[in-house]
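For reference, the structure discussed in these notes is given below.
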Amino acid sequence: MDFIKTPKVDNVKLLERYNARKSTLGTLYLTTTHLIFVDAQGKKETWVLHMHMSTIDRLPLTTGGSPLQIRCKDFRCVTFVIPRDRDCQDITESLQQLSHPSNIESLYAFDFSLNDDIQKSFGWHLYDTDTEYLRMGVPSTHWALTNMNKSYEICDTYPRNLYVPASATTPILVGSSKFRSRGRLPVLSYLNRANQAAICRCSQPLAGFSARCVEDEQMLHAILKANPKSKYMYVVDTRPKINAMANKAAGKGFENENYYSDIKFYFCGIENIHVMRNSLQKLIDLCEMRNPSMSAFLTGLESCGWLKHIKSVLDTAVFIAKAVRDGTSVLVHCSDGWDRTAQTCSLSGLILDPYYRTVQGFQALIEKEWLSFGHKFTDRCGLLGTVDSKEVSPVFTQFIESVWQLMQQFPCAFQFNDRFLITIHDHVYSCQFGTFVGNCEKDRLDLRLSERTYSLWGYITKHMTEYLNPFYKKSYEHQEPVIMPNTSPQCVKFWAGMYNRYENGIHPRENIVDILSSASDHCASLEDHVQLLEKRITQVCKLLGKPDQVIEKKLNGFLSTESLDQVSDDNNDLPLKINKELIINGDTEKQQSDGESTEKDIINSNKKSDSESGFEEMSKSVPEDLNINMTLPGIEDSRTMDSSMTRSASAEQLNLDYLVLELTSVALDWKSFRNVHNCSCASPFDRFTKKFHCWKCGDVFCTRCIAKNIPLPGHYSKRPVPVCRPCYKDIRHSPSMEFSPPINNTS
Numbered sequence: 006m007d008f009i010k011t012p013k014v015d016n017v018k019l020l021e022r023y024n025a026r027k028s029t030l031g032t033l034y035l036t037t038t039h040l041i042f043v044d045a046q047g048k049k050e051t052w053v054l055h056m057h058m059s060t061i062d063r064l065p066l067t068t069g070g071s072p073l074q075i076r077c078k079d080f081r082c083v084t085f086v087i088p089r090d091r092d093c094q095d096i097t098e099s100l101q102q103l104s105h106p107s108n109i110e111s112l113y114a115f116d117f118s119l120n121d122d123i124q125k126s127f128g129w130h131l132y133d134t135d136t137e138y139l140r141m142g143v144p145s146t147h148w149a150l151t152n153m154n155k156s157y158e159i160c161d162t163y164p165r166n167l168y169v170p171a172s173a174t175t176p177i178l179v180g181s182s183k184f185r186s187r188g189r190l191p192v193l194s195y196l197n198r199a200n201q202a203a204i205c206r207c208s209q210p211l212a213g214f215s216a217r218c219v220e221d222e223q224m225l226h227a228i229l230k231a232n233p234k235s236k237y238m239y240v241v242d243t244r245p246k247i248n249a250m251a252n253k254a255a256g257k258g259f260e261n262e263n264y265y266s267d268i269k270f271y272f273c274g275i276e277n278i279h280v281m282r283n284s285l286q287k288l289i290d291l292c293e294m295r296n297p298s299m300s301a302f303l304t305g306l307e308s309c310g311w312l313k314h315i316k317s318v319l320d321t322a323v324f325i326a327k328a329v330r331d332g333t334s335v336l337v338h339c340s341d342g343w344d345r346t347a348q349t350c351s352l353s354g355l356i357l358d359p360y361y362r363t364v365q366g367f368q369a370l371i372e373k374e375w376l377s378f379g380h381k382f383t384d385r386c387g388l389l390g391t392v393d394s395k396e397v398s399p400v401f402t403q404f405i406e407s408v409w410q411l412m413q414q415f416p417c418a419f420q421f422n423d424r425f426l427i428t429i430h431d432h433v434y435s436c437q438f439g440t441f442v443g444n445c446e447k448d449r450l451d452l453r454l455s456e457r458t459y460s461l462w463g464y465i466t467k468h469m470t471e472y473l474n475p476f477y478k479k480s481y482e483h484q485e486p487v488i489m490p491n492t493s494p495q496c497v498k499f500w501a502g503m504y505n506r507y508e509n510g511i512h513p514r515e516n517i518v519d520i521l522s523s524a525s526d527h528c529a530s531l532e533d534h535v536q537l538l539e540k541r542i543t544q545v546c547k548l549l550g551k552p553d554q555v556i557e558k559k560l561n562g563f564l565s566t567e568s569l570d571q572v573s574d575d576n577n578d579l580p581l582k583i584n585k586e587l588i589i590n591g592d593t594e595k596q597q598s599d600g601e602s603t604e605k606d607i608i609n610s611n612k613k614s615d616s617e618s619g620f621e622e623m624s625k626s627v628p629e630d631l632n633i634n635m636t637l638p639g640i641e642d643s644r645t646m647d648s649s650m651t652r653s654a655s656a657e658q659l660n661l662d663y664l665v666l667e668l669t670s671v672a673l674d675w676k677s678f679r680n681v682h683n684c685s686c687a688s689p690f691d692r693f694t695k696k697f698h699c700w701k702c703g704d705v706f707c708t709r710c711i712a713k714n715i716p717l718p719g720h721y722s723k724r725p726v727p728v729c730r731p732c733y734k735d736i737r738h739s740p741s742m743e744f745s746p747p748i749n750n751t752s
């Protein structure tokens, strides 16, 4: 609060991005975490997270006031016109302090709190290094785990556990580490279990113009021998060759081919972080053009070079993946081995291994290639005000987009959707979670992030339904385990969903993935409901004395509703008086005579009529003065159910109230997403915001209003499903239902 001089400003105008004359009048609020604009009617709110802010600029004064333009790292650009110049200056100074804290422990992650009842520890241990390498068949005869870096003595930007060739001795490892920039010696990144071809990574050698290191030469030879089926290996330098040669003047550079036998060298031409930073800025300027012509847009897209750089990254990943697929091991490096190396190693693993194309596998891929091997997220994302601006670069953004490019060519191969990618990208910069805070594994351990902050992976796990791809086919794992993309220029697309995300006018009205996902959920709900109805019909027919063959024909649709009443049973007529309790367990019936049942008129009770509840047929065959109590002990015993989802014993009493509840607790019709622009809580829907259906009432809500998951009485599986707050209260307060504590869905 020390940085906030003016917490509230009235009569502020929010300008439309493409129409400066059109504006919204409202109030601007400044908190410790967000800048919030609320329109005069209180119907629309615009929240901008401080940590997402990249640049905060005061524009020239106008007759309406002092304009303040904010550009964000998630590619949002907003402009406010503040009446008083003094207020504008105060807010600008406050935002500059709040958006770029000087101390890493002042980041939002250390104060952020979730309302999902998620423990801070949840998600931090979903990835385990040893388990991931064990999945690849390591340790093995040719690869071994070394504990030399247990205390980060050899390389403080590497993980503790390193996997190296089994034939590499300690002197070889130490000598190679000293010959590599930052001590980042060659280590195993990925192993193809089928052909034993490996992807290894490291940094550039300290070769200069003539230096050599025997231990480093032996290290690369050990990597080659770890793949007995191959006679040679590749050393892939991801830099342009001219850049690598320039580094020789600084005593670095690349390997001398005369000293390394049986090795082929390959330069890829991915530009450095400074070129990438400038390219992205040109792309942002292009996306902010007002009403550009087709020629101007295409010319600007070409001149910024962004898609050309994406193609270079993909080309390198494809080259590595093809080499490994063909049985040849590859050693990858750039300058320091934490930018272009991370991009290409992770993308080649994604191409080769279908596990990495699942939600859990993609998280493991990021943990292994980016977090464990020391990509400098704090520096590259500019999270602190003390970071040199020359160190900031969109390296991870390029990786996320490259994955999206693969998804466009193989839409059925990925378990996750593009919302999953954008969410990860946004939270790299938001600092709400501690997952991406710090520059290496050692930094995160020193900060005790797993104890003090939440994990992004835990949050995503709790909201998994938002990120699943309805086109995903698990059969891809066997049919096309390796996906080899086409990197021709015409196959590389502009990602409007990322860079023009906040421009609603250029996107389709509805996201086709969300519509398909909703249709799939609706079908699943109806199928679950039909399964329960079939079971109840069977029980009611047995109560009426109908034979099994008639019931089977009825359920298969061979008999009409009227014909069911005309079929006589061997027992002829149903007695006018039946026992007080009828025990139905599976396909058997037992009657216990206790005297006459207490007469009660079901139809005239204060419950719904049979016709309203869908049981009109039963009312035709059963006299009005009968009181039927159907007790179903162990009604769900034939199904394996989680203890948190099962009902208590008292909830097993099946009576008319319960039947009505089952019939009315499932929405048969779901409201269309079309023309639903706001949630009932007034939160606006944009293309990026996922719309949710309540499975009980069928209405559309935002993620905050679909707050609970709870089993519906009308579902046979009794699995928890999303419902809105009012429907949740109705089910919880139903006299016929007793549930264990609910399962939260969203904050």
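Taking my numbering, the leading residue of the sequence shown gets 6, the next gets one more, and so forth. Note that the Cβ used here is the ideal one computed from N, Cα and C, for glycine as well.
Q) Cβ of Phe302 within 8 Å of Cβ of Pro164? A) no
Q. Would you report the Cα separation of Tyr265 and Ile429, rounded to the nearest angstrom?
A. 40 Å
(Q) Going by beta-carbon coordinates alone, are Arg76 and Ser59 separated by less than 8 Å? (A) yes
Q.
Using only CA atoms, which one of Phe697, Asp691 and Ser300 lies nearest to His512?
A. Asp691
Q) Quick one: what's Ala524 bridged to in DSSP? A) Answer by DSSP bridge pairing: none, since Ala524 is not bridged.
Q: Count the C-beta pairs between the segment 449-456 and the segment 121-131 that are closer than 8 Å, then say yes if the count reaches three, no if not.
A: yes
Q) Residues in its own chain within less than 8 Å of Asp384 by CB, not counting five upstream and five downstream? A) Cβ-Cβ distances below 8 Å link Asp384 to Val392, Asp393, Glu396, Val397 and Asn444 in the same chain, with the five nearest sequence neighbours on each side left out; the list follows chain order.
Q. How about Thr11 and Asp122: do their beta carbons lie closer than 8 Å?
A. no
Q | contact_flag[the segment 222-235, the segment 361-372] where n(CB pairs < 8 Å) is 3 or more | A | no
**Q.** Residues that Ala203 bridges to, as DSSP identifies them
**A.** Leu196
(Q) Tell me which residues share the same chain as Pro245 and place their Cβ nearer than 6 Å to its Cβ, disregarding the 5 neighbours each side in the sequence. (A) A distance below 6 Å between beta-carbons, with the five flanking residues on each side excluded, links Pro245 to the following residues of its chain, in chain order: Gly274.
Q. In this structure, what does DSSP give as the bridge partners for Ile150?
A. Inspection of the sequence shows that residue 150 is occupied by Leu rather than by Ile. Paired residues: Tyr168.
Q.
By the three-class DSSP mapping on this structure, what secondary structure does Gly443 have?
A. coil
Q. Using a beta-carbon distance below 8 Å, is Val179 in contact with chain B?
A. The question asks about chain B, but that chain is absent: this structure has only one protein chain.
Q. If we count the other Cβ atoms within 10 Å of its Cβ and call it buried at 16 or more, is His55 buried or exposed?
A. Within a 10 Å sphere around the beta-carbon of His55 sit 16 or more other beta-carbons, which makes this residue buried.
Q) Based on the DSSP output, what are the partners of Pro469 in its beta bridges? A) Reading the sequence as shown, one finds Met at residue 469 and not Pro. Bridge partners of Met469 according to DSSP: none are assigned.
Q: Would you mind listing the alpha helix (DSSP H) stretches within the segment 264-332 that are 4+ residues and don't spill past its ends, in chain order?
A: 278-292, 299-309 and 311-330
**Q.** C-alpha distance - Phe8 paired with Thr68, whole-angstrom precision
**A.** Their Cα atoms are separated by approximately 29 Å.
Q. Which residues share a DSSP beta bridge with Trp52?
A. Ile41
Q: Label Leu370 either buried or exposed according to how many other C-beta atoms from any shown protein chain fall within 10 Å of its C-beta, with 16 as the threshold for buried.
A: buried
Q: Take every Cβ of the segment 254-269, pair it with every Cβ of the segment 195-210, and state whether three or more of those distances are shorter than 8 Å.
A: With a cut-off of 8 Å, the segment 195-210 and the segment 254-269 count as touching, because enough Cβ pairs lie within range.
Q: Take Asp574 and list the residues in its own chain whose beta-carbon comes closer than 7 Å to its own, dropping the five residues that flank it on each side.
A: The predicted position of Asp574 is uncertain, since its pLDDT is 43 and thus under 50; a value taken from the coordinates is nonetheless stated next. Closer than 7 Å at the Cβ level, and outside the excluded window around Asp574, lie Gly550, Lys551 and Pro552.
Q) When the distance is taken between beta carbons, is His534 closer than 8 Å to Val705? A) no
Q.
Between which two residues does the alpha helix (DSSP H) holding Gly31 run?
A. Counted as a single uninterrupted DSSP element, the stretch harbouring Gly31 is not any alpha helix (DSSP H) but the beta strand (DSSP E) occupying residues Ser28 to Leu35.
Q) Three-state secondary structure (DSSP) at Cys496? A) helix
Q. If we ignore side chains and look at the alpha-carbon of each, how far apart do Arg81 and Tyr434 end up?
A. 13 Å
**Q.** Buried versus exposed call for His279 [16 or more other C-beta atoms within 10 Å across all chains shown]
**A.** exposed
Q. What is the C-beta distance between Leu38 and Lys13, in whole angstroms, given that I count them as a contact (C-beta under 8 Å)?
A. Checking the displayed sequence, the identity of residue 38 turns out to be Thr instead of Leu. About 15 Å separates the two Cβ atoms, so there is no contact after all.
Q) Where does Leu312 land, buried or exposed, given buried means 16+ other C-beta within 10 angstroms? A) buried
Q: Mind checking who Phe127 pairs with in its DSSP beta bridge?
A: Phe127 pairs with nothing; no bridge assigned.
Q: State yes or no: is the C-beta of Ser186 within less than 8 Å of the C-beta of Met224?
A: no
Q. Are at least three pairs of beta-carbons, each pair with one atom in the segment 472-484 and one in the segment 139-156, less than 8 Å apart?
A. no
Q.
Within 10 Å of its beta-carbon, does Lys479 have 16 or more other beta-carbons around it, so buried, or fewer, so exposed?
A. exposed
Q. Given Asp642, which residues of its chain have a CB within under 6 Å of its CB, disregarding the five upstream and five downstream residues?
A. Note that Asp642 scores 34 on pLDDT, short of 50, meaning its location in the model is unreliable; the coordinates nonetheless yield the value given after this. Taken in chain order, the list of residues that qualify is empty.
Q: Using a threshold of 8 Å, state whether the C-beta atoms of Lys696 and Val681 are closer than that.
A: yes
**Q.** Length of the line joining the Cα atoms of Arg730 and Ala712
**A.** About 6 Å.
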